[in-house]
Amino acid sequence: MVVALRYVWPLLLCSPCLFIQIPEELLEPPVITEQSPRRLVVFPTDDISLKCEASGRPQVQFRWTRDGIHFKPEEELGVTVYQAPHSGSFTITGNNSNFPQRFQGIYRCFASNKLGTAMSHEIQLMAEGAPKWPKERVKPVEVEEGESVVLPCNPPPSAEPLRIYWMNSKILHIKQDERVTMGQNGNLYFANVLTSDNHSDYICNAHFPGTRTIIQKEPIDLRVKATNSMIDRKPRLLSPTNSSSHLVALQGQPLVLECIAEGFPTPTIKWLRPSGPMPADRVTYQNHNKTLQLLNVGEEDDGEYRCLAENSLGSARHAYYITVEAAPYWLHKPQSHLYGPGETVRLDCQVQGRPQPEVTWRINGIPVDELPKDQKYRIQHGALILSNAQPSDTMVTQCEARNRHGLLLANAYIYVVQLPARILTGDNQTYMAVEGSTAHLLCKAFGAPVPTVQWLDEEGTTVLQDERFFPYANGTLGIRDLQANDTGRYFCQAANDQNNVTIMANLQVKEATQITQGPRSAIEKKGARVTFTCQASFDPSLQPSITWRGDGRDLHELGDSDKYFLEAGRLVIHSLDYSDQGNYSCVASTELDEVESRAQLLVVGSPGPVPQLEVSDHHLLKQSQVRLSWSPAEDHNAPIEKYDIEFEDKEMAPEKWYSLGKVPGNQTSATLKLSPYVHYTFRVTAINKYGPGEPSPASETVVTPEAAPEKNPVDVKGEGNETNNMVITWKPLRWMDWNAPQVQYRVQWRPVGTQGPWQEQIVSDPILVVSNTSTFVPYEIKVQAVNSQGKGPEPQVVTGYSGEDYPQVGPELEDVKILNSSTVLVSWLPVDLAQVKGHLRGYNVTYWWVGSQRKHSKRHVHKGHVVVPANTTSAILSGLQPYSSYHLEVQAFNGRGLGPASELTFSTPEGVPSHPEALHLECQSDTSLKLHWKPPLSHNGVLTGYMLSYHPLGDGGQEQLSFDLPDPDLLTHNLTNLSPNMRYRFQLQATTREGPGEAIVQEGGTMVSGELGEGRPAAEGAAEVGRGQCLGSLARPTPVPRAPASPRDPGLHQHLGHGGRKLQRGLLDPQGGPMQLWLPYPVQSPWGREGGRLPPITVRELQPELLHAVEPAARHPLRDPPVQGEDAAAPNGCEDQRHGPCATASCWLRRRGLVYRLHQRHHSLVPHPRHPLLHQAQQGRQILSEG
């Protein structure tokens, strides 16, 4: 047989007497195995069952006593005795309402055989009749508002604890709070009464659990007389009524102390312990702090406890003096045992209690004092000693201890017999245990006298030489801190004066299971996922297992849920909730041992809903106050930082919550300052660092009484919208400031400076129009809130004005100071405020261009405006055109509008001109060029000529050449001695007496564009305007940013069409209206001409001073869709072998790579956006249409 010691060890911790195993062939003294509880309460309809069962050989005989007198249940009418072996139990069946009283008393059972008599404890049978409330005439209780009152309950007495409930006739519980409380005696206490307590149906209900019945007291009519002068008074104790009490508390039982006080305002209760701190782990406060409950009372709880009732007028106190006593309890309980002839027997019976219990002995159920004197036994210090015991001295003894709080009884037999030693444990058993644990090798020996047991190793030497080996009284050998070399055979030898016997035990020591990596504690938010991991090592000869536990319960995957995912060494918990937090452990086990590694999981999040929201101190509603209390919300492992108190008015603003304020997180009540006439329903929300939790359920609704307004409207204004009226407006009061069902406004006004009577009018809307006023007259204005309860506080006086008229005068212009050619400073004198006829809001300055000082100059007239505030008498006008005349008007304005204008004309000085509008290069020879340009659009003065400068490109060594052209009418100039193979940068500026203006830049050379051969890289932007024109770039003002080159743009030419021929870009001349752009295409065209030109494209809406460009775009003839807007006819014969004839020029262009489409907005043709080169050089807007 192999024994896994993991499961044997718990059995060895029991008392040695449990291991007395008497062989079946021997006699056995009686032992009580089951009996009724010490106290039985029965009712008329109950059956009475008294139990008494015992073991023993020969069979046990039973007898009963009642109140110390022999009682034969089998002879009683209606009694049924159980006929089962080892049972003396019986049942009394009730047959009338009086039978329980006939059988009540104290019962005892005796179980006997030839070896002795065992005795049960006392069983007290108590009979109760059906509970009835005595008939009584309940008088109405009349009390004035604010006084205290006690409604008595006085339920019928009962041996069983009662449950008392106060309800009304609708079976609704009477709500209890700090003001209204039910005491431990069942009475209902009112610290002070309110008119809302006026009811005629206060009913005390008593619940008797034993009979499962509830009986009702006659309803009590509480009549509360209303008063307008509730008198404040300091607290007075209603229960208990005296200043001190002396109570006895039983050790191990709960202690309940109570203090109920009356007073106005309602008192609060505090508990103190002068002799030391309250045992926080065992004390609780209930019933709004009126009840203190101390659990598991101990001797250290002796002493004084005080309750203190307090309100704003004083305090009252009561002192409880507690004495802790104890029912008897065992220090050493006598045990049954076997003895051999001639041994001395000692049975110890040591008990403790307060007061000290009285100990008595019985032998076979008979008190020792009633037995004949026998020199063989004696009672000494509570112990029974028997000398020279013989088989005839076999007996069952009873030790009984008693004080006023209870009784203890122990049966212990003395079995004197002579038997040879026997070992009841099987021989050659194998035990397995792991290193470091404790092994227990069993050796149950039996004999009389009791055999001595010793353990030997394989050499026959006692094993107790090693301190790790230790014996038990029942013969078991323990080996602590096992080592691998403890494996082997061990021998148990039992001997008495008749013989000795030996058995062998085999011990195998295995490797202990170890967790090498346990789970780690975690803190996770609600809804997240957590993973725990675990690794362990095992003895290779044992079957390993890794399981998971949560708070000690085994975890399993649920078939219909993915909450847990478990595999060897891994636990995953999904969708964490607060109920998931706790201790999780990895359990690595074999059949011999198990080890456990724990981790704590905390689930954090916003708080839970606030529970137990209560409204109290209703009497404070007359002062528009109330007390709100609640229990702490679940903080979900993050301290509550604050509570947010909100209210709703279901009458005025249903389902809309307003904040009343926040209180610290350690506070669970608040006295709230309320507004009159609001239907308050409260809720409270707890807030921690993770945010607000769910609000509490809404409280009961309380209504504050009406009152006069406490506020007046704000933002009162008086302004006219006509010259003869004044409109008075204000911000209306919020509904919660009305203090009554409706509110109106008392509006008063009178002219400023008069002490005459106020004119007034009461209105409901927040506006009043006062008519027939003089223009712009100041008025004193007051707006006061009024309701059915009275007027609001005295309102503040504000000043308003009747309607304004237009200003009557204009400002006197003082000076126009020239700051530069485009900026002037205008100043004027302030206007007479009396002539403004209103509030001066500022000045409006209007100016416009009249004309240039240069003859024949025309320009579109555009008016400029500058508005300055009333305290400013100057304005800067900028962005003016140099060398021009301007007209200026300055007007004062008020809320009505603009007054008359003051006028002035001034001129700006000469400035520098804008850039020339165009610059073209014309080749005269290989070494000479002719420059053509157009004059600047804006002269900004009198032109005095031009300044021309140029220098070669790519040669930093040559200086720039500059010279003046002093003829303002000159539009061409010849340059000679140029290098034929170089490109130049030309810069042209127009000049006035103020100096040169902005430059226009052109790059180019003397080489004619027709000389470009096939395959030669050409300069970018070559223009072909006519025969002999030179290569050049578009002339532009300086500075102009160049468009970035596209990686698909190798230069001037783009591969298109047939045979790899190249198409040149075209240069557009932006001056002079729509121009036609010809794109050279030197291949055989569909019209049969070499080098023919495509139909021209007209460029419209070019913007001045901006660069414009058009580029051809490659297009795949099959991939790209057809292009809309083909409306220009092509020459006859335009066709394609694969796609048929072309009906339009755009068809021909598209097939050869030029892509454009219809622009829906402008209904014209613009470049197709598919090509990346389009719009690279474009600045401004460009619209193309087919010419």
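If you count by mature numbering (1 follows the signal peptide of the UniProt record, and there is no 0), then the sequence shown holds residues -19 to -1, 1 to 1168, one letter each, in order. Built from N, CA and C at the ideal position, the CB exists for glycine as well.
- In chain order, Ala402, Pro432, Gln474, Ala475 place their CB closer than 8 Å to the CB of asparagine 481, counting only its own chain and leaving out the 5 sequence neighbours on each side.
- DSSP lists Trp147 as the bridge partner or partners of cysteine 185.
- In this structure asparagine 693 does not touch serine 752 by the C-beta definition: roughly 24 Å separates them, more than the 8 Å allowed.
- Secondary structure at leucine 602: helix, using DSSP grouped into helix, strand and coil.
- Counting only the Cα atoms, isoleucine 762 lies some 4 Å from tryptophan 730.
- Around the C-beta of leucine 319, 16 or more other C-beta atoms lie within 10 Å, and the residue is accordingly described as buried.
- It is roughly 39 Å from the alpha-carbon of arginine 449 to the alpha-carbon of glutamate 548.
- For asparagine 801, the enclosing beta strand (DSSP E) stretches over residues 793 to 801.
- With contacts defined by Cβ atoms closer than 7 Å, valine 305 and glutamine 274 do not form a contacting pair.
- A straight-line Cα-Cα distance of about 28 Å links valine 724 and arginine 664.
- Counting only the Cα atoms, glycine 531 lies some 40 Å from glutamine 157.
- According to the DSSP assignment, glutamate 123 belongs to the beta strand (DSSP E) that extends over 122 to 125.
- Beta-bridge analysis with DSSP links glycine 295 to Asn292.
- A contact is defined here as three or more CB-CB pairs under 8 Å, and the stretch 501 to 512 fails this definition with respect to the stretch 520 to 534.
- Counting along the chain, serine 526 sits inside the beta strand (DSSP E) bounded by residues 526 to 531.
- Annotation for glycine 773: Pro690, Asn693, Gln765, Ala766 place their beta carbon closer than 6 Å to its own, counting only its chain and skipping 5 residues before and after.
- Going by DSSP, leucine 552 is part of the beta strand (DSSP E) stretching over 551 to 554.
- DSSP, reduced to helix, strand and coil, places methionine 107 within a strand of the structure shown.
- Uninterrupted beta strand (DSSP E) stretches at least 3 residues long and entirely within the stretch 665 to 711 occur at 682 to 684, 695 to 700, given in chain order.
- When the beta-carbon positions are compared, leucine 749 and valine 728 come within less than 7 Å of each other.
- A residue is called buried when at least 16 other Cβ atoms come within 10 angstroms of its Cβ; asparagine 921 meets this threshold and is buried.
- With the rule of 3 Cβ pairs closer than 8 Å, the stretch 39 to 48 counts as touching the stretch 93 to 108.
- Per DSSP, the beta bridge partners of glycine 642 are Ile626.
- Non-local beta-carbon contacts of isoleucine 360 in its own chain, meaning distances under 7 Å to residues more than five positions away in sequence, involve Trp342, Val349 in chain order.
- Residue burial annotation: valine 744 is exposed, with fewer than 16 other C-beta atoms found within 10 angstroms of its C-beta.
- By a beta-carbon distance limit of 8 Å, glutamine 356 does not contact valine 397. Their separation comes to about 17 Å.
- DSSP places glutamate 280 within a helical segment (H, G or I) once states are collapsed to three.
- Taking each of Ser859, His820, Leu143 in turn and checking the Cα distance to valine 826, the smallest one comes out for Ser859.
- If the five residues before and after tryptophan 611 are omitted, its C-beta is found closer than 8 Å to the C-beta atoms of Val591, Pro592, Gln593, Leu594, Glu595, Tyr624, Thr649, Ser650, Val665, Ser677, all from its own chain and listed in chain order.
- Taking 8 Å as the upper bound for CB-CB distance, proline 916 and proline 947 are not in contact here, some 15 Å apart.
- For cysteine 185, the closest alpha carbon among the candidates Arg204, Gly164, Ser177 is that of Gly164.
- Around the Cβ of proline 776, a 10 Å sphere holds 16 or more other Cβ atoms; the residue is buried.
- Taking C-beta atoms as the reference points, aspartate 182 and proline 200 count as a pair closer than 7 Å.
- Pairwise C-beta distances place the stretch 815 to 833 out of contact with the stretch 894 to 914, as fewer than three of them are shorter than 8 Å.
- For the options Gly459, Asn268, Ser317, the alpha carbon positioned closest to that of arginine 327 is the one of Ser317.
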